[in-house]
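Working notes, beginning with the structure itself.
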Amino acid sequence: MAADVLDAAFVALADPTRRAILTRLKGGEATVGQLAAPFAMSQPAVSKHLKVLEHAGLVSRGRDAQRRPVRLEARPLKAVTDWLEGYRSYWEESYQRLDAVLDDLEADERRGRAQ
Amino acid sequence: MSGVTVDTPSDTSIVLVRDFDAPRRLVFAALTRPELLSRWLGARGWQVVDCEIDLRVGGTWRVLSRGPGGAQMAHGGVYREAAAPDRVVYTEAYDDQWFAGEALVTAELVETGRRTTLTTTMQYGSREIRDAVLATPMRRGVAEGYDRLDAVLADLPPTVPAQQTERAHHAGHVHQTGKSPEEQAR
């Protein structure tokens with residue numbers, strides 16, 4: 001995965017409004033007006049966020065000149081999650097060892113109480 | 001048991017959230033007592049060989065780990081908060097500076113029933129550093145893969161047919177991973 005694609009995706013995903021827009025788009029394509037409705041935000045403000053998302057390749061705009069519906073593009077999002085997966089699995093491995101340590105501690109306590 | 005989730009709520013931070021099937025005081029102990037921390041911290045193939053913790057505000061911590069091929073890695077820092085059993089804040093830096101400067105790590109523990117949710121927030125000096133940290137475990141994983149391959153190649157007789165090479169590779173892989181880090185620590 002090209003580093004610049006990940007860079008752009010990370011910048012785009014760092015903002016809570018943009019993440020909310022992506023969540024909304026998981027449910028299907030929407031117009032700028034529909035996307036602006038849940039936020040206390042003007043359509044131009046939403047359009048600015050959409051430009052960032054579009055630049056990152058996370059969304060695309062339909063050809064319909066009137067509505068220009070916005071839709072989610074899954075590929076860069078998958079690149080980000082794949083990339084995070086390496087980091088996640090590293091910690092999950094450590095935490096599974098921590099699970100085992102905690103099991104031992106609890107077993108020790110149970111033995112202590114039984115005596 | 002649900003797995004750990006990773007979030008990047010800002011450009012310079014990473015947040016890990018994980019539930020543990022144990023009361024909070026035990027999770028806190030496992031995070032802050034050297035003999036317990038040594039048993040679980042670190043990447044595959046690495047083991048903690050020395051761990052010192054002075055758990056009080058201004059106290060230091062230091063962990064020395066040994067990895068594949070005798071490689072050593074040391075990291076440590078200073079406690080900024082030490083509020084057992086629900087919150088600990090410390091700085092973290094590596095001797096070899098594989099990420100620049102130091103991170104500020106906040107671990108928060110919330111107990112519900114007898115389960116504990118551990119939320120670990122790591123704050124870095126810049127987005128570049130944060131991104132490098134996110135990418136590194138994967139790079140380490142790749143490096144470990146190459147280490148294993150090196151071991152397999154070293155074990156091979158000078159000339160072997162392709163099919164045997166394939167089998168030897170599998171045998172070497174099992175041999176390398178046959179011992180878990182817990183077993184190594186014992």
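Sequence lines, in order, name chains A and B.
Per this note's numbering, residue 1 is the first one in the first sequence, and the count goes up by one each step.
Per this note's numbering, residue 1 is the first one in the second sequence, and the count goes up by one each step.
Even glycine gets a Cβ: it sits at the ideal position worked out from N, Cα and C.
Remember, it's a predicted structure, so these values are computed and weren't measured experimentally.
So what's residue i in DSSP terms, helix, strand or just coil?
| i | result |
| --- | --- |
| B/A93 | strand |
| A/G33 | helix |
| A/S47 | helix |
| A/E73 | coil |
| A/V17 | First, the residue type needs correcting, since residue 17 of chain A is Thr and not Val in the sequence shown. In this structure, A/T17 counts as helix in the three-state DSSP scheme. |
| B/L64 | strand |
| B/L104 | strand |
| B/A82 | strand |
| B/R87 | strand |
For residue i, decide whether its Cβ has a neighbour in chain A, counting only Cβ atoms nearer than 8 Å.
| i | result |
| --- | --- |
| B/R115 | no |
| B/G3 | yes |
| B/S10 | yes |
| B/F20 | yes |
| B/E183 | Only weak support is given to the placement of B/E183: the predicted model assigns it a pLDDT of 42, under 50, and the question is left unresolved by the model. |
| B/D131 | yes |
| B/L109 | no |
Taking the alpha helix (DSSP H) that residue i falls in, what are its first and last residues?
| i | result |
| --- | --- |
| A/S60 | Premise fails: A/S60 lies in the beta strand (DSSP E), V59 to R61, not in any alpha helix (DSSP H). |
| B/F28 | R24 to T32 |
For chain B, check one thing: does any of its Cβ atoms lie closer than 8 Å to the Cβ of residue i?
| i | result |
| --- | --- |
| A/E93 | yes |
| A/D64 | no |
| A/F39 | no |
| A/R119 | Residue numbering for chain A in the displayed model covers 1 to 115; residue 119 of chain A lies beyond these limits and cannot be assessed. |
| A/E106 | yes |
| A/R88 | yes |
Can residue i be considered in contact with the ligand COA, in the sense that its beta carbon sits closer than 7 Å to one or more heavy atoms?
| i | result |
| --- | --- |
| A/L13 | For the ligand COA, the structure offers nothing, since it holds no ligand at all. |
Could you please give the first and the last residue of the uninterrupted beta strand (DSSP E) stretch that includes residue i?
| i | result |
| --- | --- |
| B/V15 | S13 to F20 |
| B/G7 | Per the sequence presented here, residue 7 of chain B reads as Asp, with Gly not at that position. B/D7 -> beta strand (DSSP E) spans T5 to D7. |
| B/L118 | R115 to Q123 |
| B/V57 | Element bounds for B/V57: n/a, residue is neither H nor E. |
(message) I want to know whether the segment 33-50 of chain B touches the segment 1-21 of chain B - three or more CB-CB distances under 8 Å.
(response) Counting Cβ pairs under 8 Å, fewer than three are found: no touch.
(message) Would the segment 8-25 of chain A count as touching the segment 40-59 of chain A if we require 3 or more Cβ pairs under 8 Å?
(response) yes
(request) For the segment 88-102 of chain A and the segment 60-73 of chain B, state whether three or more C-beta atom pairs, one from each stretch, are separated by less than 8 Å. (result) no
(message) Taking 8 Å as the cut-off, does the segment 63-82 of chain A touch the segment 36-44 of chain A (at least 3 CB pairs, one atom from each stretch)?
(response) no
(request) Output, in sequence order along the chain, the residues in the segment 40-55 of chain B whose CB is closer than 7 Å to any CB in chain A. (result) Taking 7 Å as the Cβ-Cβ cut-off against chain A, the residues of the segment 40-55 of chain B that qualify are W40, L41, G42, A43 and R44.
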